[in-house]
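Numbering (the working numbering), first residue to last: -2 to 387.
So, in C-alpha cells, the structure goes:
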C-alpha cells in the first residue's frame, strides 16, 4: 500500500514536509526540530493531509480518556477529544455472534460490563482458550448485538481508578459503525478532523470461529469512505498477518503493535513462525514491517528498557532504527497512576495516586518517538507543550 517514498526518515523531515504542504515551510524553517514538528503538525488539522497532518509528538487517547471514564464508551471517547487528544483509540474491535463489530478491550466482557450481574446471562459464562490462555467469563461472540446493547460499561481497574466507578452503568457498548458516524459528527461539530485508531483484537482466534475481522473492518471503512491512504483512520494489530491482510483490503495507515521482546505474536505461534518480537525489532525485521505498514506501536519498555526494580535503564536503538526505514513509532501506554510509571517517577505507594507523569512523558518524548498512547490525554497535551517549548 503506497510506495516507500511516502515515508520519511525522522520526525523533523516529516514535519517539514507537513509544513511545506501547508505553505508554512518558510515560516518554520528557523525553529528547532521539535518546535518545527509541533508547529507543522498543529497547523495541519485539515482534511487530506494524512499522517503528516498530525502534531508530533501525537497524543493518542488510549481507549478514549480511560483515566477518567470507563474505557471504550462514548463518554470516554468524547472526553478524550475535549481534553485535546489528536487521535482517539476507538476502539478495540471484537465481533458479536451475529457478525457485528463492537468496541471492547477484550472479547471477555466480565471485567468491563455489568454482565456478571445479569441473571438472564448467567448461563453464558464459559471457559475458553484465548490465544493459549485459559480464560473464564462472558465472551462477545456468544451474544447477539441486541443482547450486548442491553449491557452497560463499568470501570475495568477500580483499584487504580475508584473515581471512575461513579460512571458505572452510564454507557452502552459502542459498535464500530456508530464510532464511524460519531467521528463525522465530531469533525463537523469541532471544525477540525477527528482521527480514530481501531485495533483488530485476537484476529486468528476469531477467524477460526468464522468471524474474520479484517474483511468486516474493510467493508465498514469502504461503506463510510474511510479506506484511503489519507483517511483519518489508523489501523493496528498485535498480529502482523492481520496487518498484512488489511494491507490488501484497504489503503489506510497501518501499525504493527509489539509486546515484550521475548513474546511471540499469536499468529506466529499458530503458524509455527519461530520469531519473537525481538526478531521483529531488528533492522531486518523493521525493514520487513515497513514493506506493508507505516508504523509500529511498541510497548514503552522496547524504547527504554527497565531494571529489575522497575526504574528506567537504557535507551534502545529502536526509535532510530524504525525511523531509518520510514516507520513512525506510537508506543503504549502512559498512565498517571503510580503502579504504571517507572519506579523513579512514583510518588508514595498509593495504587491510585498520581506520580510524576510529566517527568515520565518528558523522558519518553526525548527519545524521538512520534506519539504515545495515554489514558490521560490532558496530561499528554501539557507534557507536549513543555517538551516543544523546553
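Even for Gly, the Cβ is constructed at its ideal location relative to N, Cα and C.
Please read all numbers here as calculations on a predicted model, not as lab measurements.
Between residue 371 and residue 154, the gap from beta carbon to beta carbon reaches 9 Å or more. Remark: C-beta atoms of residue 264 and residue 221 do not approach each other more closely than 9 Å. Look at the beta carbons and you see the region 230 to 244 not touching the region 295 to 303: under three pairs across the two are nearer than 8 Å. The three-state reading of DSSP puts residue 309 in strand, counting E and B together. At the C-beta level, residue 364 and residue 312 come within 9 Å of one another.
Secondary-structure assignment with DSSP links residue 193 through a beta bridge to 85 and 230.
Using a Cβ-Cβ distance cut-off of 8 Å, the region 137 to 144 and the region 153 to 169 are not in contact, since fewer than three pairs of beta carbons, one from each stretch, lie closer than that value. One thing to note: residue 332 has its Cβ within 9 Å of the Cβ of residue 338.
Contact between residue 260 and residue 268 fails: their C-beta atoms lie close to 15 Å from each other, not under 8 Å.
The Cβ-Cβ distance between residue 78 and residue 191 falls below 9 Å.
With contacts defined by Cβ atoms closer than 9 Å, residue 106 and residue 134 form a contacting pair. Here residue 65 carries a coil assignment [DSSP, helix/strand/coil]. Rounded to whole angstroms, the separation of the alpha carbons of residue 387 and residue 317 is 22 Å. Counting along the chain, the unbroken beta strand (DSSP E) around residue 370 starts and ends at 368 to 371.
Within its own chain, the residues whose Cβ lies closer than 6 Å to the Cβ of residue 373, once the five positions on either side in sequence are excluded, are 64 and 333, listed in chain order. With 16 or more other CB atoms across the displayed protein chains lying within 10 angstroms of its CB, residue 201 is buried. Across the set 74, 143 and 199, the C-alpha of 199 shows the shortest separation from the C-alpha of residue 129. Here DSSP, grouped into helix, strand and coil, assigns residue 131 to strand. Runs of the alpha helix (DSSP H) lying entirely within the region 332 to 365, each at least 4 residues long, are 354 to 362 in chain order. If you ignore the 5 residues before and after residue 378, its C-beta comes within less than 8 Å of the C-beta of 56, 80, 81 and 82, all in its own chain and listed in chain order. No Cβ-Cβ contact shorter than 9 Å links residue 227 with residue 348. For residue 99, the enclosing beta strand (DSSP E) has its first and last residue at 98 to 100. Ranked by how close their Cα comes to the Cα of residue 100, the residues 343, 205 and 210 have 210 in first place.
Out of 356, 47 and 189, the CA that lies nearest to the CA of residue 308 is found in 356. In this structure, the straight-line span from the alpha carbon of residue 359 to that of residue 165 is close to 33 Å. Distance from the CA atom of residue 177 to the CA atom of residue 381, rounded to whole angstroms, is 28 Å. Taken atom to atom, the span from the alpha-carbon of residue 175 to that of residue 84 is near 17 Å. With a beta-carbon spacing of about 10 Å, residue 109 and residue 149 fall beyond the 8 Å limit used to define contacts.
The alpha carbon of residue 48 has as its nearest neighbour, out of 75, 290, 344 and 88, the alpha carbon of 290.
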